[in-house]
Amino acid sequence: MKYSLTRIAPTPSGFLHLGNAFSFLLTKTLAQRHGAKILLRIDDLDRERYRPEYVQDIFDTLDFLEIQIDLGPKSLSELESEWSQVHRMKLYEEALEALKHSGKVFSCDCSRNKIQQMDSRGYYLGLCLDRKIPLDRPETAWRVNTLDSDFLTFTEYPEMKKTYLIPEETAFYIVRKKDKLPAYHLTSVVDDLHFGVDLIIRGKDLYPSTLAQLDLARLLNQPMFGATTFLHHEVIKGPNQAKLSKSAGSLSVQSLRKEGKNLEDIKNLIRSLSTSEIFKPYENLIF
């Protein structure tokens with residue numbers, strides 16, 4: 028199987044950790060194996076959490092992991108001048124306009140606290156679906172009505188067909204936030220289509236995101252996204268079996284570099300944190 032383009036798509040919201048390193052190294056190896064180029068797509072629209080030092084950490088980490096980027100920014104200045112998502116706002120706005128005319132979006136003014144009160148898991152249950160809040164009302168998000176969403180079929184790497192319905196945790200997903208900026212699912216789909224990504228490598232914790240994005244691409248009449256191959260890898264966890272977090276600074280690659288660790292040390296640390304279930308499918312790929 029030959030692919031054209033895969034991508035590494037971090038958010039500059041914290042220093043990258045070992046889980047990111049694991050996913051990046053796996054992306055590098057599969058790109059080499061299948062003749063694909065690598066796009067660096069930095070998801071930088073969330074300016075509240077954006078920090079220049081986090082952007083620089085992305086470049087430093089890729090250099091440290093010996094990952095060569097074929098397409099995308101090579102520096103903070105290149106990101107800001109050419110590759111930032113702010114330069115693709117017209118594409119996102121066109122997609123939002125298409126969704127508006129599809130009749131599949133509705134306004135929601137629910138806060139996170141209200142959603143948590145309605146469902147202890149924090150899942151949104153469609154409270155505003157029948158309230159008919161105008162789409163142009165300030166301080167409202169746009170959500171997609173997923174009540175009638177059909178089964179979604181995609182290819183799991185290398186060639187396994189999988190079919191799912193959108194799970195509760197990502198039902199009624201957001202496409203425009205309360206600040207009127209496009210939300211993650213929309214920017215991710217639009218960007219992957221814009222650049223021609225045909226191999227997406229992400230953690231199994233992002234299965235719900237994959238399904239929301241497949242549904243969104245279908246609403247946007249973009250069948251090419253449905254032809255994308257996905258690899259959902261096991262997620263590296265910390266010593267306490269908690270998911271690693273950039274916001275918490277969990278085992279950051281930056282701190283390990285400052286301690287004098289090298290690339291082989293990083294691979295050994297990933298091994299030490301990996302259960303056999305996580306490690307076995309990939310041991311011949313990146314180790």
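The sequence shown begins at 28 in this note's numbering and counts up one residue at a time.
All residues carry an ideal CB built from backbone N, CA and C; glycine is no exception.
Computed from a predicted model, the values in this text were never measured in an experiment.
The distance from the Cβ of Phe-51 to that of Leu-118 is about 26 angstroms, inconsistent with a contact at the 8 angstroms cut-off. Collapsing the DSSP output to three states places Phe-252 in a helix.
The DSSP-derived three-state label of Tyr-234 is helix.
Of the residues assessed, Arg-139 falls on the exposed side of the cut-off, its CB having fewer than 16 other CB atoms within 10 angstroms. A direct Cα-to-Cα measurement between Trp-169 and Asn-47 gives close to 30 angstroms. Inclusion of Phe-181 and Thr-237 in the CB contact set at 8 angstroms is warranted, their separation being smaller than that value. The Cβ atoms of Phe-199 and Val-217 lie no closer than 8 angstroms to each other. For Thr-33, the number of other beta carbons within 10 angstroms of its own is at least 16, and it is reported as buried.
By the criterion of a C-beta distance shorter than 6 angstroms, Gln-249 is surrounded in its chain by Leu-220, once the five residues flanking it on both sides are discounted. Per the coordinates, the alpha-carbon of Pro-100 lies some 25 angstroms from the alpha-carbon of Ile-293. Rounded to whole angstroms, Leu-89 and Glu-105 show a C-alpha spacing of 16 angstroms. The secondary-structure analysis by DSSP pairs Ala-125 with nothing; it has no beta-bridge partner. Minimum Cα-Cα distance from Ile-65 among the listed residues Lys-270, Gln-95, Tyr-81 corresponds to Gln-95.
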